């Protein structure tokens, strides 16, 4: 029984060591997002609270905590309260399998990439639950839109993951990173990287695919009836998901914790820092897209997902596998 | 081992309770949520017996896609509140209860057959032509069997699903008149000559544009 508790305590300690930095970086990333956005539009962005406005997110969080949580009288109360909790939890549990370095991962499971995919496909429930339980028109329409959008783009993300897996021969995320020691997958699979990036934008409801919360049509989509800390939890979960998608992109295509070139000044920097640099790079791309691209129409969004991305990535699966078989490069034989 | 069985009982309890709740909850949307909870706890059970691939596929396919469609349909059909239809003494003359009884009887007998088959499980393991190796991960071993010995069945099931999908689309598709569609090719290939028309407008008469 003693050993059981010691295992429990070390695990809890490890989990806290992962979750707390993720939460803090989510708060910081919101600040970065707003700064990049402002930079593109020649504004200053949040620059008042703390040095460079770094504490803006903390101030916002304090504001949200002290606001009243309003639960609409006609809402389905239990589901209404559960929805932000589900969003937040799902956004955090997927970090368990992200490898930050060799043997520097909370859960090194064999089906890591499937786990990530499964958890991100569960993310839609927070939104549907929130939209349905609000018992109001705008949230419901937002939820329906969001669910259709996320399910559609998951399909193409799944096919893109198959492309990567064909080159690796394992579902383990550490194996995926180690397979990129000689060549990052972004080079041979560049079209897939582009499609993954765009699908990740759609999957996380970021602009130009932010139709579920298109403020001109749907007020705030599924979040319309939420206030105070519950709204903040949706918002934190959303940004944690964006960071996770960036981490997934970094692990699948940009060589995870590996340094770009294996020579002295680069490989002296520890792996986790490289992963963080790559995540930040992808995130800044996300923020730049948000600042520059106008919103899609809904039928265009569906057309892009089903009629362009899905056939193209399926074609690329055939291409990749034929290439691997022809040159006898299939891994794991 | 104690922790293992504790988790097993927790997950199975959740699975059974939520399976019961699927059938007895009055709100259909709640039923779907309980169904999702049931799927999740069953995939946890799969993972606990070491079938991590099956567990994850269960999550991705059933929870991530099928149950979302269930929720869609249930929300769209607006059948959320079925007030007091269950356990009410009033017989409304509907025919759904006999049909339900028939289906549940069939499932009951199937379950009895399955439990009976459990008795022969040790013999079954010996009579299998495929040797089960514990060395490789179960993703690899499923792939080894699925794409070699059972490739025909696998392909046929895929074809059946494809036919069903196309059939559903063909059955529900209807051409609607007066719907404006966007054609990228048409938009891009539009030249200045056909897009702009210079017209001499007469005073006090204006121009008549035929659209």
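Residue numbers (the working numbering), protein chains in the order written: chain E, 188 to 520; chain S, 360 to 570. Ideal Cβ positions, reconstructed from N, Cα and C, are used throughout, including at glycine. These figures come from a predicted structure and were not determined experimentally.
- Residue contact with chain S for residue 338 of chain E: present (Cβ-Cβ distance below 7 angstroms to some residue of chain S).
- When the beta-carbon positions are compared, residue 358 of chain E and residue 445 of chain E stay at least 7 angstroms from each other.
- Around residue 285 of chain E, the same chain offers 434 as residues with beta carbons nearer than 6 angstroms, after the five sequence neighbours per side are excluded.
- Annotation for residue 422 of chain S: 395, 398, 399 and 402 place their beta carbon closer than 8 angstroms to its own, counting only its chain and skipping 5 residues before and after.
- Closest in alpha carbon position to residue 321 of chain E, among E:287, E:269 and E:276, is E:269.
- Taking a beta-carbon distance threshold of 7 angstroms, residue 373 of chain S does not count as an interface residue toward chain E.
- If only uninterrupted beta strand (DSSP E) runs of at least 3 residues are considered, none is enclosed by the stretch 506-555 of chain S.
- According to the DSSP secondary-structure assignment, residue 561 of chain S is paired through a beta bridge with S:565.
- The Cβ neighbour count for residue 503 of chain E, taken over all protein chains shown within 10 Å, is at least 16; the residue is labelled buried.
- Of all residues in the stretch 478-493 of chain E, none comes within less than 7 angstroms of chain S when Cβ atoms are compared.
- Scanning its chain for C-beta atoms nearer than 8 angstroms, with the 5 sequence neighbours on each side dropped, one finds around residue 348 of chain E the residues 300, 304 and 439, in chain order.
- For residue 235 of chain E, the closest of E:205, E:222 and E:228 by C-alpha to C-alpha distance is E:222.
- Closest in C-alpha terms to residue 462 of chain E, from the list E:393, E:381 and E:361, comes E:361.
- A Cβ-Cβ separation of about 33 angstroms leaves residue 415 of chain E out of contact with residue 229 of chain E under the 8 angstroms criterion.
- Close CB contacts of residue 274 of chain E within its chain, under the 6 angstroms cut and outside five residues either way in sequence, are with 313, 421 and 424 (chain order).
- Contact note: residue 531 of chain S does not reach chain E at a C-beta cutoff of 8 angstroms; the least C-beta distance is about 16 angstroms.
- Counting only runs of at least 4 residues, the stretch 238-297 of chain E fully encloses the following alpha helix (DSSP H) elements, listed from N- to C-terminal order: 243-253 and 264-280.
- Closest option to residue 199 of chain E, judged by alpha-carbon separation, among E:512, E:499, E:294 and E:242: E:294.
- The three-state secondary structure of residue 479 of chain E, taken from DSSP, is helix.
- Within chain S, the residues placing a beta-carbon under 7 angstroms from that of residue 191 of chain E are 362, ordered along the chain.
- The alpha-carbon of residue 499 of chain E is positioned some 33 angstroms away from that of residue 219 of chain E.
- Contact residues of the stretch 414-447 of chain E toward chain S are absent (C-beta to C-beta distance below 7 angstroms).
- Interface annotation, residue 301 of chain E: in contact with chain S, CB-CB separation under 7 angstroms.
- Nearest in C-alpha terms to residue 309 of chain E, of all of S:527, S:418, S:459 and S:377, is S:418.
- When rounded, the separation of the alpha-carbon atoms in residue 483 of chain E and residue 397 of chain E is 8 angstroms.
- DSSP places residue 319 of chain E inside the alpha helix (DSSP H), whose first and last residues are 311-320.
- When 7 angstroms is used as the limit between beta carbons, residue 496 of chain S is near these residues of chain E: 297, in chain order.
- No Cβ of chain E is located within less than 7 angstroms of the beta carbon of residue 370 of chain S.
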